[in-house]
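S.K.: Take any residue in the sequence shown, note its place counting from 1, add 1197, and you have its number in the numbering used here.
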Amino acid sequence: MVPVDASALTEALDQDGPDATFVPDGESASALRPSIETSFHAALPWPVVIHTHCVATIALAVRADAQTVVAEKLGDLGAVFVPYVKPGRDLTRAILARSAPATRVIVLGNHGLICCGDDPVSTETLLRTVSARLEPHALPEPRSIDPELADQLAGTDWMPAPAEAQPLARDPVQLGFAGGATLYPDHLVFLGPGVAIADHDDVRTATELAARLSPPRRLLLFPGRGAAIPKDSDAGTKALARALGDVVARIAPGAEVNRLTPVQEADLLNWDAEAYRRSLSAAS
Ligand SMILES: [Zn+2]
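#1: Using alpha carbons as the reference points, say which of 1236, 1268, 1438 and 1442 lies closest to residue 1337.
#2: Just to confirm before moving on: does the CB-CB distance between residue 1249 and residue 1324 stay below 8 Å?
#3: Going by C-alpha to C-alpha distance, which of 1309, 1282, 1252 and 1287 sits closest to residue 1276?
#4: Skipping 5 residues on each side, what residues in its chain have a beta carbon closer than 8 Å to that of residue 1210?
#5: Please classify residue 1423: is it buried, with 16 or more other beta-carbons within 10 angstroms of its beta-carbon, or exposed?
#6: Using the rule of at least 16 other Cβ atoms within 10 Å of the residue's Cβ for burial, across every protein chain shown, is residue 1296 buried or exposed?
#7: Looking at the structure shown, is residue 1481 part of a helix, part of a strand, or coil, going by DSSP?
#8: According to DSSP, residue 1313 sits in a beta bridge with which residue or residues?
#9: Have a look at residue 1247 and residue 1316 and give me their C-alpha separation to the nearest angstrom.
#10: Using only the heavy atoms of ligand 2, determine whether one of them is closer than 7 Å to the beta carbon of residue 1309.
#11: Do the stretch 1254-1261 and the stretch 1434-1453 touch if we need at least three Cβ pairs shorter than 8 Å?
#12: In chain order, what residues of the same chain have a beta carbon less than 8 Å from the beta carbon of residue 1372, not counting five sequence neighbours either side?
#13: Might you give, ordered along the chain, the residues of its own chain that have their beta carbon closer than 8 Å to the beta carbon of residue 1207, omitting 5 neighbours on each side?
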């Protein structure tokens, strides 16, 4: 845990200049730094503010009709929808502009969920209620990789991705959602922009071509066969490969989705705070 000066954070929302994190003097000896998302925790007027990248919420939050679906499914909870804004002070300003002091549920476009409350237990209960309401009635079973593909990957620098990510390549509907540009910031930070699609029948050649992509892609899909990640993947890469499978399995078939634009991607990739998060993951 990193202590922060919440009132200084809130006051700084009205100022321009770089995002600051306001660790009080004498508290900064630790190498840890507060998340770039700390400012909305400080600014929302509740004792408890929980923020998660809930996969059921993201599956809704990437949809072009997310605002309508939030009103339908979470309207009785007073939920508000905030279209995608880069995490940090700009997002906090957008959240404050769209919410009221009584707002307890906020769905962040192409990002995640915020729930607020008076105490940790009731706030977690609210979070679980929202997440459960957004879960589809049935989820596809995770599938293993095509065994022949797994054998062929053994001689390369790549290995099968987690089981939850395999349908991204094996299910045509999921491939349609997974095969485009980035859906949410964590994916970009840990796996690179979008995914790589194998475009060569020879697996070794396909992996070598994928490894040459710049910026790097760490999730490689072999349509109809399976999904692979580099053998040197850290815990964050494995988790985010699984997360894409978890999210895409929950997107309503036929839904139109919003994706991050190249400008939004560049904005995130040049950002020191996200690079810091990435380096923390690499060290774990
Ligand atoms: Zn977040």
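A virtual CB, placed ideally from N, CA and C, is assigned to each residue, including glycine.
Only a predicted model underlies this, so the values are computations on that prediction, with no experimental measurement involved.
M.R.: According to the structure data:
#1: Residue 1337 sits at position 140 when you count from the first residue of the sequence shown. The residue with the shortest Cα to Cα distance from residue 1337 is 1442.
#2: Along the sequence shown, read from residue 1 onward, the residue named residue 1249 stands at position 52. Along the sequence shown, read from residue 1 onward, the residue named residue 1324 stands at position 127. In this structure, residue 1324 lies closer than 8 Å to residue 1249 by Cβ.
#3: Translated into the one-based positions of the sequence shown, residue 1276 becomes position 79. It is 1309.
#4: Taking the sequence shown and counting its residues from 1, the one referred to as residue 1210 is at position 13. Result list for residue 1210: 1236, 1240, 1286, 1289, 1290 and 1293, in chain order.
#5: Position 226 of the sequence shown, counted from the start, is the residue given in the question as residue 1423. Only buried fits residue 1423, as 16 or more other CB atoms lie within 10 angstroms of its CB.
#6: On the sequence shown, residue 1296 is found 99 positions in, with the first residue counted as 1. Residue 1296 comes out buried.
#7: In the sequence shown, counting from the first residue as 1, residue 1481 sits at position 284. For residue 1481, the predicted structure reports a pLDDT of 37, less than 50, and the residue's modelled location is therefore unreliable. The matter cannot be settled from this model.
#8: As a position in the sequence shown, residue 1313 is number 116, starting the count at 1. Residue 1313 is bridged by DSSP to 1246.
#9: The residue you call residue 1247 lines up with position 50 of the sequence shown. The residue you call residue 1316 lines up with position 119 of the sequence shown. Roughly 11 Å between the two C-alpha positions.
#10: As for ligand 2, it is missing from this structure, which binds only ligand 1.
#11: Contact between the stretch 1254-1261 and the stretch 1434-1453 is present, with at least three C-beta pairs closer than 8 Å.
#12: For the purposes of this step, residue 1372 is taken as residue 175 along the sequence shown, with counting starting at 1. Taken in chain order, the residues that qualify are 1365, 1366, 1418 and 1420.
#13: For this step, residue 1207 is matched to residue 10 along the sequence shown. Here the set comprises 1236, 1239 and 1240.
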